[in-house]
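**Q** Numbering (full-length UniProt numbering), first residue to last: 1 to 412. We put the beta carbon where it would ideally sit given N, CA and C, even for glycine.
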């Protein structure tokens, strides 16, 4: 079979971030787009990290190559875009990938056993995309049980939403849309769960979750060479698969960074060559499938600056008293090879809400009894910053979100 004659490029359409499950970065993307239109970046111009304030902020080392500038012609994410989330360990990067999976792999309408698309009593709307996801797990830590739990939680949430909507509709009917009598009527019409005895059982929910998991195609290469071979085989695999793929996820793109470094013989050795080949293979995948590529990355270091930010980040005594409303890790620098950095269209740094710090003389009892600390542990928020493209106002390019099993990613 000649695959080349059968392949036809998919139409490129603009997609709002929320339609991809990326609503928590949507405002930052739109703000960066508006800033980029008004403040074009000159070729090879290095943006100095200076005038650190809430009103004016120019990130460092965010030069956008001239051949990439045409990509920023929409405030929306588009098929074929490459997105990177980088940051320190336990910063929510893998959780972001996992949280995007349920709505992507679940069907739009769940037709229960024995039903058809024309049998409304056997249908249940869950709003999924019914697409596949390819996950290249370079860290070797993919947690199937966690994704399964997220899918089950998503289904239960949809069931609750249906019950609430249906109950409200019945109340309105009983009230004849009479707002004056609604209060008294609501209290007299409780939610009768027996009315919903046809709803999916826990066993059915589990079956649907397991079927959805089959749309997550996981690869676990053990080296950059295996990673490259995997990428080169994906176009044919995606063409022959029954699934239509929305995402290609890579966790984490620089997993073999030090392994490759140790194999270098000097000069521009293995790491650079692998990176170039990997980017070339990814370009081919995107050309043939238009998937949105989302990669995580841990490769970072402190910002190269002499204006006080380094001291704020590295000096523990300053960290303990800082009034910054966001983690200092948001100003860490991505140290990935340049060929990769130029390939990424949207780059975000993410980090967990910092815990209160204590001096070595603090009694452990005080730490355990600190209610503010315990609340952060119970209800952890994450912060993020859009790094590429440049957004010149710190107020606009920082966003916050949390990740829960029941609701996935929630914006503040």
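Considering only the alpha carbon of each residue, which of 234, 212 and 254 lies closest to residue 338?
**A** Your numbering for residue 338 matches position 338 in the chain shown. Checked all of 234, 212 and 254; the closest Cα to residue 338 is 254.
**Q** Following the continuous alpha helix (DSSP H) through residue 230, name the residue where it begins and the one where it ends.
**A** Stepping through the chain shown from its first residue, residue 230 is reached at position 230. From DSSP, the alpha helix (DSSP H) with residue 230 extends over 224 to 240.
**Q** Whose C-beta lies closer than 7 Å to the C-beta of residue 276 among residues of the same chain, with five residues either side of it excluded?
**A** Position 276 of the chain shown, counting from 1, holds the residue named residue 276. Counting only Cβ-Cβ distances below 7 Å, and skipping sequence neighbours, we find 339.
**Q** By DSSP, does residue 341 sit in helix, in strand, or in coil?
**A** Walking along the chain shown from the start, residue 341 turns up at place 341. Note: residue 341 maps to helix in three-state DSSP.
**Q** Go ahead and label residue 296 buried or exposed: buried means 16 or more other beta carbons lie within 10 angstroms of its beta carbon, across all protein chains shown.
**A** Here residue 296 is taken as the residue at index 296 of the chain shown, counted from 1. Its Cβ being crowded by 16 or more others within 10 Å, residue 296 is buried.
**Q** In whole angstroms, what separates the C-alpha of residue 335 from that of residue 161?
**A** Position 335 of the chain shown, counted from the start, is the residue given in the question as residue 335. Position 161 of the chain shown, counted from the start, is the residue given in the question as residue 161. Rounded to the nearest angstrom, the two C-alpha atoms are 44 Å apart.
**Q** Taking Cβ positions, are residue 92 and residue 403 nearer each other than 7 Å?
**A** For the purposes of this step, residue 92 is identified with residue 92 of the chain shown, where counting begins at 1. For the purposes of this step, residue 403 is identified with residue 403 of the chain shown, where counting begins at 1. Yes, these two residues count as a Cβ contact at 7 Å.
**Q** Out of 138, 152 and 288, state which residue places its alpha-carbon closest to the alpha-carbon of residue 240.
**A** For this step, residue 240 is matched to residue 240 along the chain shown. The option with the nearest alpha carbon to residue 240 is 288.
**Q** Do the segment 97 to 106 and the segment 127 to 137 meet, that is, are 3 or more Cβ pairs less than 8 Å apart?
**A** Verdict: yes, contact present.
**Q** Please state whether the Cβ-Cβ distance between residue 352 and residue 382 is less than 7 Å.
**A** For the purposes of this step, residue 352 is identified with residue 352 of the chain shown, where counting begins at 1. For the purposes of this step, residue 382 is identified with residue 382 of the chain shown, where counting begins at 1. Yes, they are a contact pair.
**Q** Give the straight-line distance between the Cα atoms of residue 55 and residue 242, rounded to the nearest whole angstrom.
**A** Your numbering for residue 55 matches position 55 in the chain shown. Your numbering for residue 242 matches position 242 in the chain shown. Legend: pLDDT at residue 55 = 28, less than 50; position of this residue unreliable, value from coordinates given subsequently. Spanning the two alpha carbons is a distance of roughly 50 Å.
**Q** For residue 383, which three-state DSSP category applies?
**A** Along the chain shown, read from residue 1 onward, the residue named residue 383 stands at position 383. Note: residue 383 maps to strand in three-state DSSP.
**Q** I need the boundaries of the beta strand (DSSP E) containing residue 84, first residue and last residue.
**A** Taking the first residue of the chain shown as 1, we reach residue 84 at position 84. From DSSP, the beta strand (DSSP E) with residue 84 extends over 82 to 86.
**Q** Using beta-carbon positions only, say whether residue 246 and residue 406 come within less than 7 Å of one another.
**A** In the chain shown, residue 246 corresponds to position 246, counting from 1. In the chain shown, residue 406 corresponds to position 406, counting from 1. Their beta carbons are not under 7 Å apart, which means residue 246 does not touch residue 406 by this criterion.
**Q** Would you call residue 48 buried or exposed, if buried means 16 or more other Cβ atoms sit within 10 Å of its Cβ?
**A** Numbered from 1 along the chain shown, position 48 holds the residue referred to as residue 48. Note on residue 48: pLDDT 31, under 50, position unreliable in the model; no value is reported.
**Q** Can you give me the start and stop residues for the beta strand (DSSP E) that residue 110 sits inside?
**A** Here residue 110 refers to the residue found at position 110 of the chain shown. Residues 109 to 111.
**Q** Just the C-alpha distance for residue 274 and residue 149, rounded to the nearest angstrom, thanks.
**A** As a first step, residue 274 must be located in the chain shown, where it is residue number 274. As a first step, residue 149 must be located in the chain shown, where it is residue number 149. So the two alpha carbons sit approximately 36 Å from each other.
**Q** Are the Cβ atoms of residue 147 and residue 205 separated by less than 7 Å?
**A** Numbered from 1 along the chain shown, position 147 holds the residue referred to as residue 147. Numbered from 1 along the chain shown, position 205 holds the residue referred to as residue 205. Contact flag unset, no.
**Q** Considering only the alpha carbon of each residue, which of 125, 143 and 350 lies closest to residue 159?
**A** Taking the chain shown and counting its residues from 1, the one referred to as residue 159 is at position 159. Among 125, 143 and 350, the Cα nearest to that of residue 159 belongs to 125.
**Q** With DSSP run on the structure shown, which of helix, strand or coil describes residue 424?
**A** Nothing can be reported for residue 424: it is not among the residues displayed for the chain, which extend from 1 to 412.
**Q** Rounded to whole angstroms, what's the CA-CA distance from residue 210 to residue 280? Just pull it up for me.
**A** Taking the chain shown and counting its residues from 1, the one referred to as residue 210 is at position 210. Taking the chain shown and counting its residues from 1, the one referred to as residue 280 is at position 280. Roughly 34 Å between the two C-alpha positions.
**Q** Can you tell me whether residue 29 is helix, strand or coil according to DSSP?
**A** Start at 1 with the first residue of the chain shown, and residue 29 comes out as number 29. In this structure, residue 29 counts as helix in the three-state DSSP scheme.
**Q** Residue 220 and residue 137: beta carbons closer than 7 Å?
**A** In the chain shown, the residue the question calls residue 220 occupies position 220. In the chain shown, the residue the question calls residue 137 occupies position 137. Yes.
**Q** Mapping DSSP to helix, strand and coil, what is residue 290?
**A** Here residue 290 corresponds to residue number 290 of the chain shown, with the count starting at 1. Coil, per DSSP.
**Q** Rounded C-beta distance between residue 87 and residue 350? I'm assuming under 8 Å.
**A** In the chain shown, counting from the first residue as 1, residue 87 sits at position 87. In the chain shown, counting from the first residue as 1, residue 350 sits at position 350. About 4 Å; that satisfies the 8 Å criterion.
**Q** Let's see if you can read the secondary structure: which residues bound the beta strand (DSSP E) around residue 346?
**A** Here residue 346 is taken as the residue at index 346 of the chain shown, counted from 1. Start and end: 346 to 352.
**Q** Go ahead and label residue 314 buried or exposed: buried means 16 or more other beta carbons lie within 10 angstroms of its beta carbon, across all protein chains shown.
**A** Reading the chain shown from its first residue, position 314 is the one you call residue 314. Because the pLDDT of residue 314 is 39, which lies under 50, any placement of that residue in the model is unreliable, and the number read from its coordinates should be weighed accordingly. Exposed.
**Q** Residue 413 lies in the beta strand (DSSP E); which residues open and close that run?
**A** Because the chain in this structure spans residues 1 to 412, residue 413 falls outside the shown range and cannot be described.
**Q** Buried or exposed: which applies to residue 262, given that a residue is buried once 16 or more other Cβ atoms fall within 10 Å of its Cβ?
**A** Counting from one through the chain shown, the residue named residue 262 turns up at place 262. Per the 10 Å Cβ criterion, exposed.
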